Amino acid sequence: MTAVARSFFAFLRKGIAVMLQYRGEIVLWAIWGLVNPAVSYALWSAAAESNADGTIAGFGRGEFAAYFFAMMIVGHLTQAWDTYEIGHLVRSGEMSPKLLRPILPIWEALAGNLSYKITTLAFVVPMWCLFAWLVRPTFDTSAWQLGLGLIAIVLGAVLNFVLNYVFALVAFWTPKLDAMGELYFGACMLWGGRFAPLDALPDILRWLSGLQPFKWMFAFPSELIMGRITDPSEAFRGLGIQLAWIAVSIVGFRALWSVAVKRYTAVSG
Amino acid sequence: MRLPSCGCCAIAVRCRFWESRIDMPLIEVDNLSKTFRVPEREGGFLAAIRSVFNRRFRQVHAVRGVSFCVEPGEIVGFLGPNGAGKTTTLKMLSGLLHPTSGTATVLGDVPWRRHSEYLRRISMLMGQRSQLQWDLPALDSFMVHAAVYNIPKDQYRQRLDKLVEMLELGPVLKKQIRTLSLGERMKCEICVSLLHGPEVLFLDEPTIGVDITMQARIRDFIGDYNRRYGATIILTSHYMADVTALCKRVIVIDQGRILFDGQLEALSEKLAPFKVIAIDLDADTDGYDFAALGDVLAKEDRKVKLRVPKGAAASVTGRLLRELPVLDLTIEDPPIEDVIGRAFGGSSGVGPEEETSAAESQGGDR
Amino acid sequence: MARGLKLMWLFIRVSLQNLAAYRFDMYARIGMAFMHVGYELLGVWIIFNRTNEIRGWTVYHMLVLVGVFRMVAGGIRIIIVPNMRLLLQDIHNGKLDFVLLKPVNAQFLVSVREFVVWRFTDVLLGASVALYGCVKLTGTVSPEALLRFSVTLTAAFAIVYSVWLMLATACFWFVRIENIEMVFWNVFEAGRYPIVIYRPWVQGLLTFVIPLAFITTVPAAALSGEDSKIVPYAPVVATAAGVCMLLVSSWFWRFGLRRYSGASA
């Protein structure tokens, strides 16, 4: 375990050094996470304003501002992108040296994920403040909601990272196809509540979103932070469901990983 | 036979004023210099953070005051270690780089003005980079090249047939580039860069990474092309064999300056203050102290090879003849790669170790 | 000019051959194109399930815009993205030298070397959606609207191309920014919806500073004959903006090239 921890921190240090080296680029990647919720906010607040009562599913302008502000933060902190990455690693052969190491490549990916989020904070935090100042979100958050919300962000980040990695393993079978990244990303947008609050979805879609894990990565932490989940038991149940999905994802990873590596060594060895 | 380079330039200048332009050298380079500014940073975590706030730059003098002339139809070899300024000079002559100072005229034009008439008359081959489309058969890349250079259809066919024949490219034309061996790919690169019939060729490492037989064939082709079409060629290579086989004249560059410009044979005389004395002996001479006379390069049975300073060659020869039962004695210039290697300071010489040795064994084959 | 077109046609033909080499990829990607449009239509359905119009834009207006957005995005990916990516790669690994050695205008050559032909699916799908929305909205597609649409859409492409060329040219200075195209997509994201959803000062910004309004909103509005509501004399202004951008970007490219060859320090 200590060997893993030592490698992990080495990866993290290296990751941060690399990110600093490429600071210009990572900032560019981070901008999308700011623009997308801002555009969604503009769209939904304009749509709400067109209705007679000025609201949609209980969201007025201020609530939409709060929701998408929270989503901006949650979306940044819980994002994962290995579905885009691994296909490239397999194609270019960069996966091979990673497999030779006495540590699972997922740890290096995790270190990369964390170092991106850490290094971009210096850029995104001021941007978050700017956005909040511009749109004046109406928050109704108490301390327990904020506290549980932070825990929910951590769990959501873990869930998204592991599940994304599991889906990324498909690349071992069809390395040429980047479709998995797009599909997963689309799911996060729609079922995760990044495009619209889940309560604003038509009933059938809302019901479908409840069956999937994506809601627990994005919508749930965001709603907790903006104070929309008022019942503590509901919040705790949500955290429980997050943990359950994490467990399922880890089991899925364990099961798929050995098969994927076998496949990789059979094809390219 | 050939005038020293500075003289040739002086004559050329005179020619321009008083005589016809025909005698003008094809390539005329005067005091060409190029300086780059490159950022630098040490490795490591803290250095990465530091470089965020404060970048340091370093001036790199890639080429400093280079002058030479090349006559029509000549093949000139550029020699020098990595980073000597060979490629930078070629890039300036092909119009890819603007010099920091100095002038150059090629085919009566200033290269870095990049007139399309000029570009049509030259070609540059970069052995380390491919200009062919990776996923397409070579023939498709050739077709694109013909369109870009606006080569008339029949002329294109004619040239292509000729080149395919000379390079023995027939079987690989319709294969995707990525499926070709390095040697085959290099032949395709050469073919594509000659399709428009350039009068001046800049070949930067045309044989790099290619196996020895293929090197020899590419070399033969270049020589053949030069004889057949009278094209003027400047060539850089890591492999001495390329230069010794193709170029009567070499220009040795080190740290951006010309160390030597002249006949290949004169190179060793100028740069190497050594001679190699080889003797065949009639009887065993155990215990004779050859090391006192010079560096013993080889000693087996009754054959000995000695390297001695040029000035001492006569006296050492005399002594050997006097003191030993000599059957046969020859005095030679040291091998050229040795000379170059020593000129650039020891083994770091002309290139990585294994490449030099490959060139040597190549020389042995001939 | 004729030679340029001939050259372009040759590059298209070569790209088509390239496409045949990766047929399976192509089918998968065409499937993805349908998926993208599907997601976007789903988005429109979700919003208009909850409201009837957004600041004067009905669901059919929105369909026209979604279609135009897809068309423009498709057009960008057919010719602009692949060529600019190739240019960035070439700058990065020194192969731009080969382009500069060619006796053809370098800006033209770097802009037309590659075509991702299957992306034409996006254009067709987008056009279908846009036409459907337009017919539902106005009952017909008038020749005048079509003309206005063509002019504004051409201007939109001129603007987009100029922006990309400038972004790519910036890489002469910042060689390592390979992800510079993110700058474009980040801004383009805001053009997914009509600019009327933004506050007035943002709308002004997106019209006059970053000419995003001309890329999607104006052509979409032109198809339903309402472009003058967005910008007065839209076709004229859009054309002027396009020409200006082309001139500026071409100047910037030449400036960058001089720097690349070391002609300016």
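Chains as they are written, first to last, in the working numbering: chain A, 8 to 276; chain B, 28 to 393; chain C, 209 to 473. Glycine is no exception: its CB is placed at the ideal position from the N, C-alpha and C atoms. This structure is a prediction, so every number in the text was calculated from the model and none was measured.
Short CB-CB distance (under 8 Å) between residue i and chain A
i	result
methionine 292 of chain C	no
glycine 251 of chain C	yes
phenylalanine 242 of chain C	no
arginine 231 of chain C	no
arginine 327 of chain C	no
asparagine 226 of chain C	no
Beta-carbon separation (whole angstroms), residue i vs residue j, contact threshold 8 Å
i	j	result
leucine 308 of chain C	arginine 141 of chain B	7 Å
valine 90 of chain B	threonine 115 of chain B	5 Å
serine 52 of chain A	arginine 68 of chain A	5 Å
histidine 335 of chain A	glycine 40 of chain A	Outside the modelled stretch of chain A, which goes from 8 to 276, sits residue 335 of chain A, for which no answer is possible.
isoleucine 158 of chain A	threonine 85 of chain A	About 12 Å separates the two Cβ atoms, so there is no contact after all.
alanine 175 of chain A	isoleucine 93 of chain A	4 Å
alanine 222 of chain A	glycine 247 of chain A	According to the sequence shown, residue 222 of chain A is lysine rather than alanine. Going by Cβ atoms, the distance from lysine 222 of chain A to glycine 247 of chain A rounds to 14 Å, so no, they are not a contact pair.
threonine 240 of chain B	glycine 154 of chain B	Not confirmed; about 17 Å, so no contact.
arginine 148 of chain B	valine 199 of chain B	Not quite, the Cβ-Cβ distance comes to about 28 Å (not below 8 Å), so this is no contact.
alanine 165 of chain B	cysteine 215 of chain B	4 Å
glycine 104 of chain B	valine 323 of chain B	The pair is not a contact, with the Cβ atoms about 31 Å apart (cut-off 8 Å).
alanine 77 of chain A	serine 229 of chain A	4 Å
leucine 121 of chain A	glutamine 249 of chain A	19 Å between Cβ atoms; not a contact.
alanine 174 of chain B	leucine 218 of chain C	5 Å
alanine 267 of chain A	phenylalanine 179 of chain A	4 Å
Below-8 Å beta-carbon distance, residue i vs any chain C residue
i	result
valine 101 of chain A	First, the amino acid is wrong: residue 101 of chain A is glutamate here, not valine. Taking Cβ atoms only, chain C never reaches closer than 8 Å to glutamate 101 of chain A, which makes this a no.
serine 265 of chain A	no
asparagine 120 of chain A	no
valine 25 of chain A	no
lysine 61 of chain B	yes
arginine 48 of chain B	At arginine 48 of chain B the pLDDT is 46, less than 50, meaning the model places this residue with poor confidence; the figure from the coordinates comes in the next sentence. Not one chain C Cβ lies under 8 Å of arginine 48 of chain B.
tyrosine 176 of chain B	yes
methionine 153 of chain B	yes
leucine 137 of chain A	no
glutamine 182 of chain B	no
leucine 250 of chain A	no
alanine 207 of chain A	yes
isoleucine 63 of chain A	yes
Minimum Cβ-Cβ distance from residue i to chain B less than 8 Å
i	result
proline 311 of chain C	yes
arginine 407 of chain C	no
leucine 218 of chain C	yes
serine 458 of chain C	no
arginine 211 of chain C	yes
glycine 302 of chain C	yes
valine 222 of chain C	yes
Beta strand (DSSP E) segment containing residue i, residue limits
i	result
glycine 104 of chain B	102 to 106
proline 336 of chain B	330 to 336
cysteine 96 of chain B	83 to 97
leucine 259 of chain B	The sequence given here has threonine at residue 259 of chain B, not leucine. 259 to 263 is the extent of the beta strand (DSSP E) around threonine 259 of chain B.
isoleucine 285 of chain B	284 to 290
Limits of the alpha helix (DSSP H) - the one that residue i falls within
i	result
isoleucine 438 of chain C	435 to 438
aspartate 281 of chain B	Not the alpha helix (DSSP H): aspartate 281 of chain B falls in the beta strand (DSSP E), residues 276 to 281.
valine 11 of chain A	9 to 28
valine 165 of chain C	The structure shown does not extend to residue 165 of chain C, since chain C is modelled only from 209 to 473, so the question has no answer here.
serine 342 of chain B	340 to 350
Residue of the options minimising C-alpha distance to residue i
i	options	result
serine 370 of chain C	C:Val359, C:Arg400, C:Gly433, C:Phe392	C:Phe392
threonine 344 of chain B	B:Asp365, B:Pro362, B:Gly314, B:Ile306	B:Ile306
glutamate 144 of chain B	B:Ser208, B:Gly122, B:Thr127	B:Gly122
threonine 132 of chain B	B:Leu152, B:Pro52, B:Ile245, B:Leu348	B:Pro52
arginine 201 of chain A	A:Thr9, A:Ile63, A:Tyr74, A:Met26	A:Tyr74
aspartate 136 of chain B	B:Gln290, B:Val191, B:Gln242, B:Glu55	B:Glu55
leucine 153 of chain A	A:Thr127, A:Trp214, A:Phe243, A:Met187	A:Phe243
valine 439 of chain C	C:Leu454, C:Ile423, C:Ile238	C:Ile423
C-beta neighbour in chain E for residue i, strict 8 Å
i	result
aspartate 305 of chain C	Absent from the structure is chain E; the protein chains it does hold are A, B and C.
The segment 180 to 203 of chain A: positions lying closer than 8 Å to chain C by Cβ: Taking a C-beta cut-off of 8 Å against chain C, the contacting residues of the segment 180 to 203 of chain A are Lys183, Leu184, Ala186, Glu189, Leu190, Gly193, Met196, Leu197, Phe202, Ala203, listed in chain order.
Chain-ordered residues of the segment 278 to 291 of chain C with a beta carbon less than 7 Å from chain A: Within the segment 278 to 291 of chain C, no residue has a Cβ that lies closer than 7 Å to any Cβ of chain A.
Interface residues of the segment 218 to 231 of chain A facing chain C [CB-CB below 8 Å]: Of all residues in the segment 218 to 231 of chain A, none is placed with a Cβ closer than 8 Å to any Cβ belonging to chain C.
Residues of the segment 103 to 135 of chain B with Cβ closer than 8 Å to any Cβ of chain C, in chain order: When CB distances to chain C are screened at a threshold of 8 Å, the residues of the segment 103 to 135 of chain B falling below it are Lys118, Ser121, Gly122, Leu123, Leu124, His125, Pro126, Thr127, in chain order.
Members of the segment 32 to 59 of chain A that neighbour chain C once the beta carbon cut-off is set at 7 Å: Close to chain C, meaning a Cβ-Cβ distance shorter than 7 Å, are the following residues of the segment 32 to 59 of chain A: Glu32, Leu35, Trp36, Ile38, Trp39, Val42, Asn43, Val46, Ala49, Leu50, Ala53, Ala54, Ser57, Asn58.
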